[in-house]
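Report on one structure; see the data block that follows.
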Amino acid sequence: EHGSQPGFTSPPLAINAGSGQLLTRFPFNFESMEESVYVVKIGVRDSSGLTDTIILRVNVGDLNEPPLLEDDPERKILENCNVGSFVLNMDNTDQNTQNNAVCASDEDTNDVLTMNVHSTGAQLFVAEKLSAPYTVGTTTCWAIKFDPADKAESLDFETASMHILQLDVTDS
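Residues in the sequence shown are numbered consecutively from 113, following my numbering.
Written as structure tokens, this is what we have:
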């Protein structure tokens with residue numbers, strides 16, 4: 113059995129008889145593989161019976177998969193709120209961080225995720241990284257907060273009833 117494909121008992125590599133190319137039999141996933149090195153012995157024989165053999169060492173490398181942002185795209189915040197107020201899920205009236213966290217995950221277990229918040233007009237919102245229990249394993253969570261650079265700035269529904277935020281998550 114090979115770690116890239118549970119239950120798959122055939123060899124993970126095969127040679128195409130027509131082209132001689134060494135091919136994979138299924139997609140490899142470095143994070144779930146038990147072994148990431150395969151030793152392949154390849155032999156050839158010509159029509160007169162002469163042979164040659166080589167041994168290849170195939171190393172499966174880790175691909176840096178992009179993080180995946182897991183969030184409901186619609187949020188709300190009340191006008192004239194205090195600096196530091198959370199942007200809330202649409203069905204939530206509670207300022208509890210747990211109910212309003214924005215989370216992202218990454219298959220690459222050692223990657224550190226960061227989030228940047230961009231908005232139309234003035235920069236009014238920031239992402240604050242949360243610690244455990246919100247950030248566990250390969251999942252990282254943030255609270256999106258009203259925190260304008262100019263602390264005198266406020267949210268006024270009549271002036272701007274909507275703010276479009278772009279959340280960028282990157283890994284390193």
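Backbone N, C-alpha and C define an ideal beta-carbon position, used for all residues, glycine too.
A distance of 8 Å or more separates the beta carbons of F269 and I189. Rounded to whole angstroms, the gap between the alpha carbons of T250 and S231 is 27 Å. Counting only the Cα atoms, G155 lies some 20 Å from N171. Considered as a whole, the segment 133-190 harbours 134-136, 149-157, 163-171 and 180-182 as its complete beta strand (DSSP E) runs of no fewer than 3 residues, in chain order. Under the 10 Å beta carbon count, A272 is surrounded by fewer than 16 other beta carbons and is classified as exposed. Remark: C-beta atoms of A216 and E182 approach each other more closely than 8 Å. A residue is called buried when at least 16 other Cβ atoms come within 10 angstroms of its Cβ; P139 does not meet this threshold and is exposed.
DSSP places A234 outside any beta strand (DSSP E), giving it a letter other than H or E. Leaving aside the five residues that flank A126 on each side, the residues in its chain whose CB is nearer than 6 Å to its CB run, in chain order, L135 and R137. DSSP places C193 in no beta strand (DSSP E); its state is neither H nor E. Buried is the label assigned to V229, since at least 16 other Cβ atoms lie within 10 Å of its Cβ.
Put simply, the backbone Cα of D283 is about 6 Å away from that of T226.
Secondary structure note for S217: its beta strand (DSSP E) is the uninterrupted segment V214 to S217.
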